[in-house]
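Under my numbering, read the sequence shown as residues 25 to 248, first letter to last.
A quick write-up on the structure given underneath.
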Amino acid sequence: MVITAADVNIADYIDHSLLNPLATTKDVELCCNQAIDCGFPAVCVYPVHVKKAVSILHTQKIKVATVIGFPTGATTPHVKLHEAQEATNYGAGELDVVINLGWLKSGKFDWIHKEIASICEETGIPVKAILETTCLTDEEKKVAAEICLDAGVSFLKTSTGWFGGATVEDVALLHRISKGRVGVKASGGIKDLESAIALINAGATRLGTSRGVEIVRQQKDNVR
């Protein structure tokens, strides 16, 4: 069955993202207040903004997600784990962790598994593994996804948005691999309602975008 804009509340899918390195405290406040107004399930901010976001949203059901090893994934396991633990201590409810792409392409699969598993185990909160699918072959996508699934992640996420964004094909592939065991987060380049609905039809259960307010507005206009 094909999902249309009339079939879903698009706000329920959106991680309202503020990952501009130039973002100010006022930008964080606006992001959080927009999430409250629109009813988004989560905001996604840099670790440095987690405390502020939590202070605004602690009475809401909205989770504060943050990014770990972002955007390259090329920091050491110790640094990633410390970053994840610190964010968790500050109140983060979800972690979007960039896998080490160099290790993947070097065949260091056990290293990736150990790194991701340690973050999942030590923090105890949902982890979304960012695979950076635009940089991978289909076989590498499958291998990376299976490693992360076995390591205990709660979501497979397509992209950081720094090297291209989510595609319908990649979301469909991750959906097939996950077989409903975990969520699939599409992220990067989601700018309008049409692309959001296409990704949901492909299997996305969460959408990471900075355009959430505009997309919600488009849905309201569309169903009038």
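Note that the Cβ used here is the ideal one computed from N, Cα and C, for glycine as well.
Selected residue, minimal CA-CA separation from Val-195, among Ala-220, Lys-203, Leu-42, Thr-182: Along the sequence shown, one-based indexing puts residue 195 at 171. If we check each option's Cα against that of Val-195, Thr-182 comes out closest.
- request: Run the CB neighbour count on Asp-39, radius 10 Å, all protein chains shown included, and call it buried at 16 or more, exposed below.
  value: Numbered from 1 along the sequence shown, position 15 holds the residue referred to as residue 39. Counting Cβ neighbours within 10 Å, Asp-39 comes out buried, since at least 16 surround it.
query: If you follow the beta strand (DSSP E) that Asp-120 is part of, which residue opens it and which one closes it?
result: In the sequence shown, counting from the first residue as 1, residue 120 sits at position 96. First-last of the beta strand (DSSP E) with Asp-120: 118-122.
- request: Could you check the C-alpha separation between Thr-49 and Ser-41 for me, to the nearest Å?
  value: As a first step, residue 49 must be located in the sequence shown, where it is residue number 25. As a first step, residue 41 must be located in the sequence shown, where it is residue number 17. Straight-line Cα distance between these residues: approximately 14 Å.
task: Count the other CB atoms, across all protein chains shown, that sit within 10 Å of the CB of Ala-108; report buried if there are 16 or more and exposed otherwise.
output: The sequence position of residue 108 within the sequence shown is 84, counting from 1. Per the 10 Å Cβ criterion, buried.
query: Who are the Cβ neighbours of Glu-139 in its own chain at under 6 Å, not counting the five residues just before and after it?
result: Residue 139 sits at position 115 when you count from the first residue of the sequence shown. So the list reads Pro-101, once near-sequence residues are dropped.
message: If you reduce the DSSP assignment to three classes, tell me which class Ser-211 lands in.
response: Locating residue 211 in the sequence shown gives position 187, counting from the first residue. The answer is strand: DSSP assigns Ser-211 an E or B state.
query: With a cut-off of 8 Å, do at least 3 Cβ pairs link the segment 55-65 to the segment 227-239?
result: yes
message: Between Ala-29 and Leu-231, how many whole angstroms is the CB-CB distance? I'm expecting something under 8 Å.
response: On the sequence shown, residue 29 is found 5 positions in, with the first residue counted as 1. On the sequence shown, residue 231 is found 207 positions in, with the first residue counted as 1. Not really, about 13 Å apart at Cβ, beyond 8 Å.
message: Tell me which residue opens and which closes the beta strand (DSSP E) that Arg-230 is part of.
response: Position 206 of the sequence shown, counted from the start, is the residue given in the question as residue 230. That run of the beta strand (DSSP E) goes 230-233.
- request: Thinking Val-91 and Val-78 are a contact (beta carbons under 8 Å), I'd like their distance in whole angstroms, please.
  value: For this step, residue 91 is matched to residue 67 along the sequence shown. For this step, residue 78 is matched to residue 54 along the sequence shown. Rounded, the Cβ-Cβ distance is 15 Å, inconsistent with contact.
message: Does Ala-98 pass the burial test, meaning 16 or more other C-beta atoms within 10 Å, or should it be called exposed?
response: Here residue 98 refers to the residue found at position 74 of the sequence shown. Ala-98 comes out exposed.
- request: Could you tell me if Val-247 is buried or exposed, where buried requires 16 or more neighbouring beta carbons within 10 angstroms of its beta carbon?
  value: One-based indexing of the sequence shown puts residue 247 at position 223. Exposed, since its Cβ has fewer than 16 Cβ neighbours within 10 Å.
- request: Spatial neighbours of Lys-104 within its chain, please: CB distance less than 6 Å, with the 5 preceding and 5 following residues excluded, ordered by chain position.
  value: Working through the sequence shown from its first residue, we reach residue 104 at position 80. Same-chain partners within the cutoff: Ile-92, Gly-93.
Cys-68 - containing alpha helix (DSSP H), residue span: Counted from its first residue, the sequence shown places residue 68 at position 44. From DSSP, Cys-68 is part of no alpha helix (DSSP H) but of the beta strand (DSSP E) over 66-69.
message: Considering just the uninterrupted stretch of the beta strand (DSSP E) at Gly-90, what are its terminal residues?
response: If you number the sequence shown from 1, residue 90 lands on position 66. According to the sequence shown, residue 90 is Thr rather than Gly. Residues 87-92.
task: Can you grab the Cα-Cα spacing for the pair Val-52 / Asp-120, in whole Å?
output: Position 28 of the sequence shown, counted from the start, is the residue given in the question as residue 52. Position 96 of the sequence shown, counted from the start, is the residue given in the question as residue 120. Near 18 Å, if we compare the C-alpha coordinates of Asp-120 and Val-52.
message: So, at 6 Å on beta carbons, what are the nonlocal neighbours of Gly-213 in its own chain, with the 5 sequence-adjacent residues on each side left out?
response: For the purposes of this step, residue 213 is taken as residue 189 along the sequence shown, with counting starting at 1. Hits under 6 Å: Gly-189.
message: Taking the alpha-carbon of Pro-150 as reference, which of Glu-118, Val-206, Asp-245, Leu-223 has the nearest alpha-carbon?
response: Position 126 of the sequence shown holds residue 150. Of the candidates Glu-118, Val-206, Asp-245, Leu-223, the one whose C-alpha sits nearest the C-alpha of Pro-150 is Glu-118.
- prompt: From Ser-219, Cys-56, Ile-60, pick the residue whose C-alpha is nearest to that of Lys-76; which is it?
  reply: Working through the sequence shown from its first residue, we reach residue 76 at position 52. For Lys-76, the nearest C-alpha among the options comes from Cys-56.
- prompt: Fully enclosed by the segment 100-150, which beta strand (DSSP E) runs are 3 residues long or longer?
  reply: 118-122
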